[in-house]
Amino acid sequence: MFSLKIGLVSFTVCSLFSSSSFTALAPLQAQTESIPANCQLLKEVRTGATEITKKIQALGITNNFNTDFGIPSGVAFTSYQAMMRVENNANYDVTINLKYGDNSVSTALEKPQIPMVIGENYALPFNSPTDRQPYQINFNIAGPNNNTYTISVMACE
């Protein structure tokens with residue numbers, strides 16, 4: 324669990340990662356702190372796990388770039404914080420899409436070619452660009468074939 328300070332703004336995030344540093348597309352200093360009472364880690368839809376490790380595999384026209392986290396109904400979340408750690412130095416394309424009950428989708432974050440380094444944790448804050456409550460968060464993470472990464476996401480009211 325960490326408190327991230329960017330200038331005069333402070334974000335509190337929780338991580339299951341073992342490293343004590345986070346990077347939000349730039350180095351940040353981190354301090355141990357508890358997860359806020361108004362936040363919770365979301366669960367991946369297939370496994371129910373709050374942290375997912377995947378190996379990038381692009382095989383012809385198929386790939387495993389997508390991972391979905393469910394958002395509990397009945398809770399009005401106002402902000403989200405994705406956390407990512409890589410096991411291979413490389414550039415990664417990160418897109419975070421929000422899915423809504425009317426079958427529409429909005430892109431909350433799109434960062435191509437983010438240089439990521441082994442041993443660093445990356446904090447990727449985002450919000451719903453539509454002011455509507457999504458039911459699911461979709462991560463689309465691409466990079467060199469066979470590279471491995473771990474992701475989790477926290478939602479806050």
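Going by the numbering used here, the first residue of the sequence shown is number 324, and it counts up by one from there.
Where a beta carbon is used, it is the ideal one built from N, C-alpha and C, also for glycine.
> Among all the DSSP beta bridges, which residues are the ones paired with Asn389?
Replying inline: Asn463
>> Strictly by DSSP, which residues pair up with Ile474?
In response: Ile375 and Met407
>> I'd like to confirm the pairing. Which residues does DSSP put opposite Leu364 in its beta bridges?
In response: Met477
> So is the beta-carbon of Gln459 under 6 Å away from any non-hydrogen atom of the ligand NAD?
Replying inline: Looking for the ligand NAD in the displayed structure turns up nothing, as the structure carries no ligands at all.
> Grouping DSSP H, G and I as helix and E and B as strand, with all else coil, what is Gln380?
Replying inline: coil
>> Rounded to whole angstroms, what is the Cα-Cα separation between Thr418 and Gly466?
In response: 12 Å
> Under 7 Å between the Cβ atoms of Lys375 and Glu367?
Replying inline: Contrary to the premise, residue 375 reads as Ile rather than Lys in this sequence. Contact flag set, yes.
>> Considering only DSSP beta bridges, list what Ser402 is partnered with.
In response: Cys479
>> Taking the straight line between their C-alpha atoms, what separation do you get for Tyr403 and Asn450?
In response: 6 Å
> Quick one: does Asp425 have its CB under 7 Å from some CB of chain C?
Replying inline: The chain labelled as chain C is not found in the depicted structure, where only one protein chain is given.
> With distances taken from CA atoms, which of Ile394, Phe392, Tyr415 and Leu447 is nearest Asn469?
Replying inline: Tyr415
> By how many angstroms is the C-alpha of Leu432 removed from the C-alpha of Glu443?
Replying inline: 20 Å
> On the three-state DSSP scale, how would you describe Gln456?
Replying inline: coil
> If you draw a straight line from the C-alpha of Ile394 to the C-alpha of Tyr472, how long is it?
Replying inline: 22 Å
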